[in-house]
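Residue numbers are given in my numbering: position 176 of the sequence shown equals residue 183, and the series is strictly consecutive.
Here a beta-carbon is modelled for each residue, glycine too, at the ideal position from N, C-alpha and C.
The structure appears right after this line, and notes come after that.
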Amino acid sequence: MIGQVKYKKLALLFLTLLVFLGCGSGYGIYHGVRPGETFQMICKAYGLNEESVANFNYIPDTSKVKAGDAIWISGAERELSAREIKSPSSNNTSKIKANRKKTVLQKKSPPVSRSAKGAFQWPLQGDVFSKFGNTNGEVHDGIDIRAGIGDEIRASAGGRVIYSGNDIKSYGHMVIIKHEGRFSSVYAHNKKNLVEKGSFIKEGEVIALVGDSGISNGPSLHFEIREGKKAVNPLSYLP
Numbered sequence: 008m009i010g011q012v013k014y015k016k017l018a019l020l021f022l023t024l025l026v027f028l029g030c031g032s033g034y035g036i037y038h039g040v041r042p043g044e045t046f047q048m049i050c051k052a053y054g055l056n057e058e059s060v061a062n063f064n065y066i067p068d069t070s071k072v073k074a075g076d077a078i079w080i081s082g083a084e085r086e087l088s089a090r091e092i093k094s095p096s097s098n099n100t101s102k103i104k105a106n107r108k109k110t111v112l113q114k115k116s117p118p119v120s121r122s123a124k125g126a127f128q129w130p131l132q133g134d135v136f137s138k139f140g141n142t143n144g145e146v147h148d149g150i151d152i153r154a155g156i157g158d159e160i161r162a163s164a165g166g167r168v169i170y171s172g173n174d175i176k177s178y179g180h181m182v183i184i185k186h187e188g189r190f191s192s193v194y195a196h197n198k199k200n201l202v203e204k205g206s207f208i209k210e211g212e213v214i215a216l217v218g219d220s221g222i223s224n225g226p227s228l229h230f231e232i233r234e235g236k237k238a239v240n241p242l243s244y245l246p
């Protein structure tokens, strides 16, 4: 029963985050800022409101956006080219707006670019002692990996941190990363979170240290992959 309650709480947290962030469908892309591009140029090219994009990406000062930064563009199917950014056409913005409207009306997302096997990397090395699925009537929405206290936990794929905290006590210190498409990954029972909400993370970047916070079976990492708010078997996506 404890397991079912805590997983329901996490599902509710996911739903809250997705609704709050305005990306329930997970539909969008990351735009990599190139030399010569400004925040205003990018928003204009995609036909988006500057304030909304800044708030969503936690950008307090848009004048400091620089080459190499990544900006989440909700509703876009593809990253616009440098030429399209510098000379936005009405066709670019109208297509993006039309696609976003169609998504809302039909409640559908575009095909997810991530294939299954190998789409994510192992967050750390260790024995999987608890697998995904139902065991003795208990729901387990991820896998548990045995490790040592203080071992480094790495991002399974690149993305943006949408949660870093310990509001669900049974999960302890937890990090959630939003990836491209509809996917997110969860890292729980940490000793310490090393990233903050809003941070952009690269695949393989250290995000936390292994611990036994929350309700755990000793030092370990509870790892989940979710499509939308639905948990999927991580072993189907790891190499």
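Original post:
Who pairs with Val60 in a beta bridge, going by DSSP?
Top reply: The residue given as residue 60 occupies position 53 in the sequence shown. Assignment of beta-bridge partners to Val60 by DSSP yields no partner.
Original post:
In angstroms, rounded to a whole number, what distance separates the CA positions of Pro226 and Leu131?
Top reply: As a working mapping, residue 226 is identified with position 219 in the sequence shown. As a working mapping, residue 131 is identified with position 124 in the sequence shown. Approximately 13 Å, taken between the alpha carbons.
Original post:
Applying the criterion that 16 or more other CB atoms from any shown protein chain within 10 Å of the CB defines a buried residue, is Tyr65 buried or exposed?
Top reply: Translated into positions along the sequence shown, residue 65 becomes position 58. A residue is called buried when at least 16 other Cβ atoms come within 10 angstroms of its Cβ; Tyr65 does not meet this threshold and is exposed.
Subject >> Own chain partners of Ala126 with C-beta closer than 6 Å, once the 5 adjacent residues on each side are dropped >> reply: The sequence position of residue 126 within the sequence shown is 119, counting from 1. Cβ within range, chain order: Tyr244.
Subject >> Rounded Cβ spacing between Leu216 and Lys199 (contact assumed at less than 8 Å) >> reply: Position 209 of the sequence shown, counting from 1, holds the residue named residue 216. Position 192 of the sequence shown, counting from 1, holds the residue named residue 199. Your pair Leu216 and Lys199 checks out as a contact, with CB atoms roughly 5 Å apart and the cut at 8 Å.
**OP:** Indicate the three-state DSSP secondary structure (helix, strand or coil) for Ser223 in the structure shown.
**Re:** Taking the first residue of the sequence shown as position 1, residue 223 is located at position 216. Residue state for Ser223 is assigned as coil, using DSSP reduced to three classes.
Subject >> Contacts around Val202, its chain only, beta-carbon distance under 7 Å, and the 5 residues preceding and following it disregarded >> reply: If you number the sequence shown from 1, residue 202 lands on position 195. Residues Val168, Ser171, Val182, Ile208, Ile214 of the same chain have their beta carbon placed closer than 7 Å to that of Val202, with the five preceding and five following residues left out of the count.
Subject >> C-alpha gap between Ala83 and Ile92, whole angstroms >> reply: Translated into the one-based positions of the sequence shown, residue 83 becomes position 76. Translated into the one-based positions of the sequence shown, residue 92 becomes position 85. The alpha-carbon of Ala83 is positioned some 13 Å away from that of Ile92.
Original post:
Checking contacts by CB at 8 Å: is Ser206 closer than that to chain D?
Top reply: Reference to chain D is not applicable here, since this structure consists of a single protein chain.
Original post:
DSSP three-state call for Tyr178: helix, strand or coil?
Top reply: Along the sequence shown, read from residue 1 onward, the residue named residue 178 stands at position 171. Reduced to three states, the DSSP call for Tyr178 is helix.
Original post:
By the 10 Å Cβ neighbour count, where 16 or more other Cβ atoms means buried, how is Gly155 classified, buried or exposed?
Top reply: Looking up residue 155 in the sequence shown gives position 148. Per the 10 Å Cβ criterion, exposed.
Subject >> Run of the alpha helix (DSSP H) containing Ile92, from where it starts to where it stops >> reply: Locating residue 92 in the sequence shown gives position 85, counting from the first residue. In the DSSP assignment, Ile92 falls within the alpha helix (DSSP H) that extends over 89 to 93.
Original post:
Skipping 5 residues on each side, what residues in its chain have a beta carbon closer than 6 Å to that of Glu248?
Top reply: With the chain covering 8 to 246 only, the question about residue 248 has no answer from this structure.
Subject >> Residue nearest to Glu57 in terms of C-alpha spacing, selected from Arg41, Gly75, Trp79, Gly39 >> reply: Residue numbering aside, residue 57 sits at position 50 when the sequence shown is read from its first letter. With distances taken between Cα atoms, Glu57 lies closest to Trp79.
Subject >> Asn62 beta carbon less than 8 Å from that of Phe139 >> reply: In the sequence shown, counting from the first residue as 1, residue 139 sits at position 132. In the sequence shown, counting from the first residue as 1, residue 62 sits at position 55. In this structure, Asn62 does not lie closer than 8 Å to Phe139 by Cβ.
**OP:** Taking Ala238 as the reference, give the member of Lys71, Val40, Asp148 with the closest Cα.
**Re:** Position 231 of the sequence shown holds residue 238. For Ala238, the closest alpha carbon among the candidates Lys71, Val40, Asp148 is that of Asp148.
Subject >> Run of the alpha helix (DSSP H) containing Lys51, from where it starts to where it stops >> reply: As a working mapping, residue 51 is identified with position 44 in the sequence shown. Per DSSP, the continuous alpha helix (DSSP H) segment holding Lys51 begins and ends at 46 to 53.
**OP:** Counting only the same chain and skipping the five closest in sequence on each side, list residues whose C-beta sits under 6 Å from that of Glu159.
**Re:** Numbered from 1 along the sequence shown, position 152 holds the residue referred to as residue 159. Closer than 6 Å at the Cβ level, and outside the excluded window around Glu159, lie Val213.
**OP:** Could you please give me the residues that DSSP links to Leu216 through a beta bridge?
**Re:** Translated into positions along the sequence shown, residue 216 becomes position 209. Note: Leu216 sits in a beta bridge opposite Glu159, Lys199.
Original post:
Taking C-alpha atoms, which residue in Lys204, Glu187, Arg153, Val193 lies nearest to Gly35?
Top reply: Along the sequence shown, one-based indexing puts residue 35 at 28. Among Lys204, Glu187, Arg153, Val193, the Cα nearest to that of Gly35 is on Glu187.
Original post:
Under a Cβ-count criterion, where at least 16 other Cβ atoms within 10 Å of its own Cβ denotes burial, should Arg233 be classed as buried or exposed?
Top reply: Working through the sequence shown from its first residue, we reach residue 233 at position 226. Arg233 counts as buried, since no fewer than 16 other beta carbons sit within 10 angstroms of its beta carbon.
Original post:
Where Glu145 and Ser163 are concerned, what is the direct C-alpha to C-alpha distance, given to the nearest angstrom?
Top reply: Start at 1 with the first residue of the sequence shown, and residue 145 comes out as number 138. Start at 1 with the first residue of the sequence shown, and residue 163 comes out as number 156. Using only the alpha carbons, I get a separation of about 26 Å.
**OP:** Please state if the CB of Ala77 and the CB of Tyr37 are separated by a distance shorter than 8 Å.
**Re:** By 1-based counting over the sequence shown, the position of residue 37 is 30. By 1-based counting over the sequence shown, the position of residue 77 is 70. A contact, by the Cβ cut-off of 8 Å.
Original post:
If Gly179 sits next to Ser220, beta carbons under 8 Å apart, how far is it from one beta carbon to the other, in whole angstroms?
Top reply: Position 172 of the sequence shown, counting from 1, holds the residue named residue 179. Position 213 of the sequence shown, counting from 1, holds the residue named residue 220. Rounded, the Cβ-Cβ distance is 3 Å, consistent with contact.
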